[in-house]
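Worksheet for the structure shown next.
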Ligand code: SAH
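Numbering (the numbering used here), first residue to last: 49 to 350.
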């Protein structure tokens, strides 16, 4: 028997929209396409991380609850964080008390801790918080490792996460994710799968945790500062960018301007194993993620 036989995505969205007007500022574009919802769940099985009674799913921004419904139909435990009071009341009305299996918190997902035994994140993310949510996911994962993360985000953002469509998509976002994840692009999702329809296409994107041997001791903060710094002037040669100390460098423990200038002058006339020839004269998008790792390690050991 299917749980909640009388519910479907259309109905959930209609019930919520009867009571409220979707707010752009909260990224309220609700999924109405059943295929996309089923796909979001099916992906976990394809990556051999199926939802079952051992799973604990985190959903960020359940809204009307269409994705929520499908997660609850699996055997998984679910924690959902929703900031919008109207959505929370709606979810409490439509889903009966499922005890420990379903926890719904009225909460800004960016604030406060997430449960430490989350195995899956499945979410149609509110677009305006995509970047800080990813940062939080990555920090959470370092302490509480997860199995798989399936997100629906803007297509252009998904491409920057995965960095697979040419050099333009390379940047600090993808470089940072690379430290901990392999990023896979799934289907493009046209805007008519949502109500109200957003202006741009979306995409399902998957993060699979990976451990990279070469990164066991990397200074992640320094890595992020260096990539952000160099990519903030994409057309500039790496040599030129590195000659100035990055903004916010002193947020990295033990680092300050003089130390940076010294470190850079120490490395700039040496060959660094693993770096391409003449790398100082390249642009940031010419370097692969592992080059940024080598560069970070070289700078931090000088
Ligand atoms: N998952 C639903 C709704 C997606 S719309 C669906 O696919 O249909 C995005 C949802 O995120 C909205 O319900 C919005 O209220 C919620 N939201 C926006 N900002 C949030 C935040 N900071 N924390 C938690 N939820 C948020």
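The C-beta atom is built at its ideal place from N, Cα and C for all residues, glycine as well.
Fair warning: this is a prediction, and the values are worked out from it, not measured in the lab.
Counted as a single uninterrupted DSSP element, the beta strand (DSSP E) harbouring residue 151 occupies residues 150–154. A direct Cα-to-Cα measurement between residue 281 and residue 302 gives close to 25 Å. Cβ contact annotation for residue 294 (same chain, cutoff 8 Å, sequence separation greater than five): 273, 274, 276, 277 and 308, in chain order. A straight line joining the alpha-carbon of residue 107 with that of residue 170 spans about 5 Å. Taken from the Cβ of residue 143, every heavy atom of the ligand SAH lies 8 Å or farther away. Note that the C-beta distance between residue 231 and residue 255 is below 9 Å. Distance from the CA of residue 116 to the CA of residue 200, rounded to the nearest whole angstrom, comes to 14 Å.
CA-CA distance, residue 164 to residue 318, rounds to 44 Å.
According to DSSP, residue pairing for residue 107 in a beta bridge involves 128.
Residue 250 is bridged by DSSP to 202 and 237. In the DSSP secondary-structure assignment, residue 257 is bridged to 229.
In this structure residue 344 is buried. Its beta-carbon is surrounded by 16 or more other beta-carbon atoms within 10 angstroms. Of the residues 182, 235, 330 and 112, the one whose Cα lies closest to the Cα of residue 215 is 330.
For residue 289, the enclosing alpha helix (DSSP H) stretches over residues 286–290. According to the DSSP assignment, residue 168 belongs to no alpha helix (DSSP H) but to the beta strand (DSSP E) extending over 168–172. In chain order, the residues with a C-beta atom nearer than 6 Å to some heavy atom of the ligand SAH are 74, 75, 76, 77, 78, 79, 108, 109, 110, 111, 112, 114, 115, 129, 130, 131, 132, 135, 156, 157, 158, 172, 174 and 177.
The criterion of a C-beta distance shorter than 9 Å is satisfied by residue 328 and residue 290. The segment 53–66 and the segment 87–98 do not touch, with fewer than 3 CB-CB distances between them shorter than 8 Å. Only residues of its own chain outside the window of five on either side were considered, and among them 202, 203, 204 and 239 have a CB closer than 8 Å to the CB of residue 248, listed in chain order. One thing to note: residue 128 has its Cβ within 9 Å of the Cβ of residue 152.
Rounded to whole angstroms, residue 182 and residue 133 show a C-alpha spacing of 24 Å. A straight-line Cα-Cα distance of about 18 Å links residue 208 and residue 257.
Looking at the DSSP output, residue 243 bridges to 78. CA-CA distance, residue 149 to residue 252, rounds to 26 Å.
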